[in-house]
Amino acid sequence: MAAGSLSASIGPAGRSTCSPWSASPSGWETSGSSRGWPTVTVEGFFSFPCFLMLVFCGIPLFALETAIGQFCSQGSINVWRAVPIMQGVGFSMVMVSMLVAVYYNVIIAYSLYYLFASFQSPLPWAACSGCSSASTGVFVLASSCNVSGVLVANHTCPPGQSPSEHYWDHVVLQRSSGLDDTGPVVWHLAVCLGLSSVLVAGILSRGIKSSGKVVYFTATFPYVVILILLVRGVTLEGAGEGLKFFIGSKSNWSKLAEVKVWNDAAAQTFFTLSIGMGGLFTLSSYSEFHTNIFLDSVVVVFVSYGTSVLAGVAIFSILGHMAHVYKRPIEKVVKEGFGLAFIVYPEALTQLPISALWCVLFFVMLIVISVDSQFTLIEVIVTCVSDSFPEVLETKRALITVAICALVFLLALPCITQAGIYWITLLDMFSSNWLLLVLALAEILGFIYIYGANPLIKDIEMMVGNRSYIFWLWWKACWHFFSPGILVVILLWSILTFVPLSYGTVPFPAWGLALGWCIVAAVLVWIPAVAAYKWARAEGSFLKRLRTTCSPSERWHPYLDGNRGERYSAESCSRRKAETKNITQQK
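Residues 1 to 587 in full-length UniProt numbering are what the sequence shown lists, from first letter to last.
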């Protein structure tokens, strides 16, 4: 069975898995790869650390999360019935999903605005119609400028300011001088943000069945656009220079000794695959019990990697053409972060015939990919809320979905002020880098070291059948040593070499960095807080409380009775409950 081809099944509380794409993570492997890869790949050597991270961390942890979610058919909170003392990790994952959903909503808003602007003629970022010299007030084209600013026909071009960069900073963002200068809400972005929220809420409020049908489109349309851009890009003059840069022939391989490269590779891998965010637990909870999670994991991860490479080829071939037209080195063309998606690439597309059509295709693709990702993030939050109070809220998922989307809209309002891009950068840095690594380590601690790798393997074999000792060697080695070892080294290395955050040349104030660390603390505080709560509710001596809180609860089992077998039969669960009660009653 191909990854994503799942049979209909019944998930928690009667939730029906009717769509293969909605039930399997393989349906949204484009969510992070198409948008995320090009925005961070500024050197070709980046693919090497990413590949290593995929092999030693991506595949093992992807398989771990999908196996756990599929086994118990629960969301990111209830999967921790296996290790009650670690249930706070699930709440932290939901918090991360909420933070990421906030700035993903803004990304959709940016893309919507650019999509609407793409119907103008000429394209508003194609020329310096609003880019004037401070000294002369004369408009010039960016192709006449270099990175330091030159005189053109006795008029001065703004230093390093291209038309698309000016449009991004002064028209779209109306960017202020820094985080201290908040400024008013940018109303055209507020309208687009509202449209984004309504779009996501409208689709998800009808349930997983409805969103699953939409994902058929959102998971396939980006491939169509990528292939169109790729075919057009590789036929352009100068495309070869962009591809050489992308594959690494012009890379400075000494940068592999820099922690930023490895930290970015880890964050990109985790963000693309939704590791540590609760999305895999939630989506795999809809999977059929006997789905081969190992085949799915390998296929999905490498399809995701292939999608990233495909998107990189499509994008960098056109950037190579842009460098050729402007007669500038490719290194001077490429930007990191939002600059690639909203400055460089739109400008590159203006060099093509029928440029408006290419821009429409590109921004529709960005919207589709971002909305697809937003589905997963919102579903994680909704599942957490509804599963926390199933008797009251399970039948009100539509209302919960609308309420969550409204909350995400309100939380995103600071991100569409004139200082919004600084808030987005702050959220991106402190919500999807270190936090994902910490939560992945906590996940390994809980399920591999406390619950135990051997009991977990027995659970997995109930789904996929018995496997040989040799088969499990690789997975156990990754879960016990390779994955946690790599993550600890990267985490400590990046913290010890931390460089204060900035957006371009604009540094963040001390209070902004302090706020970022407060965000990290607010997410991670759930882990000790819930552990303390579980400990306080347990009874008996220190060792008895430890055993009670670290042992699976009687509610840890496959959701459907027919899948429980002897290991998790009703009698077995009753016996486990009685044993736990006896332990806590002993003084």
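Cβ atoms here follow ideal geometry from the backbone N, Cα and C, with glycine treated the same way. Please read all numbers here as calculations on a predicted model, not as lab measurements.
Can you tell me where the alpha helix (DSSP H) with residue i in it begins and where it stops?
| i | result |
| --- | --- |
| M365 | 355 to 388 |
| P163 | 163 to 166 |
| A440 | 434 to 444 |
| residue 596 | Since the first residue shown for the chain is 1 and the last is 587, residue 596 is missing from the structure and cannot be characterised. |
| M53 | 47 to 53 |
| T272 | 259 to 273 |
| W472 | 469 to 477 |
| M463 | 453 to 464 |
| Q87 | Premise fails: Q87 is in no alpha helix (DSSP H) and is neither H nor E. |
| V171 | No alpha helix (DSSP H) holds V171; DSSP gives it neither H nor E. |
| L399 | 397 to 412 |
| C72 | 59 to 72 |
| F281 | 279 to 284 |
| G276 | No alpha helix (DSSP H) holds G276; DSSP gives it neither H nor E. |
| G565 | Note, G565: premise wrong, no alpha helix (DSSP H); not H, not E. |
| S483 | 483 to 496 |
Per DSSP, which residues does residue i bridge with? Please list them.
| i | result |
| --- | --- |
| Y503 | V506 |
| V185 | T417 |
Indicate whether residue i and residue j have their beta-carbon atoms separated by less than 8 Å.
| i | j | result |
| --- | --- | --- |
| V79 | F281 | yes |
| L393 | V385 | yes |
| S297 | A63 | yes |
| T549 | I85 | yes |
| F447 | V83 | yes |
| G58 | V301 | yes |
| E336 | S164 | no |
| R545 | W535 | yes |
| V530 | Q174 | no |
| F430 | I367 | no |
| I460 | A67 | yes |
| T417 | G90 | no |
| L189 | Y113 | yes |
| M365 | F221 | yes |
| I49 | L256 | The amino acid occupying residue 49 in the given sequence is Pro; Ile does not appear at that position. Yes, Cβ-Cβ distance for P49 and L256 is below 8 Å. |
| L456 | L487 | no |
| residue 588 | V333 | No answer is possible for residue 588: it lies beyond the span of the chain, which begins at 1 and ends at 587. |
| I330 | A341 | no |
Straight-line CA distance for residue i to residue j?
| i | j | result |
| --- | --- | --- |
| R81 | G69 | 12 Å |
| L229 | A219 | 17 Å |
| L115 | V225 | 15 Å |
| L195 | F471 | 49 Å |
| G75 | T383 | 6 Å |
| L439 | L410 | 26 Å |
| K373 | V106 | Inspection of the sequence shows that residue 373 is occupied by Ser rather than by Lys. Distance between the alpha carbons of S373 and V106 is about 13 Å. |
| I369 | I315 | 16 Å |
| V94 | E258 | 31 Å |
| K244 | I381 | 42 Å |
| V408 | W475 | 37 Å |
| T395 | K213 | 21 Å |
| E65 | I275 | 8 Å |
| Q268 | S494 | 15 Å |
| S121 | T350 | 11 Å |
| S5 | S197 | Since pLDDT at S5 reaches only 30, below the 50 mark, its modelled position is unreliable, and the value read off the structure follows with that caveat. Straight-line Cα distance between these residues: approximately 30 Å. |
| Y449 | F71 | 18 Å |
| T291 | A265 | 29 Å |
| Y568 | Y559 | 10 Å |
| I490 | L441 | 12 Å |
| F363 | S177 | 27 Å |
| P390 | P60 | 31 Å |
| E241 | G320 | 5 Å |
| F51 | Y305 | 8 Å |
| K458 | G339 | 48 Å |
| A406 | Y216 | 25 Å |
Does any residue of chain B bring its CB to less than 8 Å from the CB of residue i?
| i | result |
| --- | --- |
| G279 | Of the protein chains in the structure, only one exists, and it is not chain B. |
Counting only runs of 3+ residues fully inside the segment 302 to 361, write out the beta strand (DSSP E) ranges in chain order.
none
Go through the segment 523 to 560 residue by residue and report every complete run of the alpha helix (DSSP H) that reaches 4 residues or more, in order.
526 to 537, 542 to 550
Continuous alpha helix (DSSP H) assignments of at least 4 residues falling wholly in the segment 206 to 243:
208 to 234
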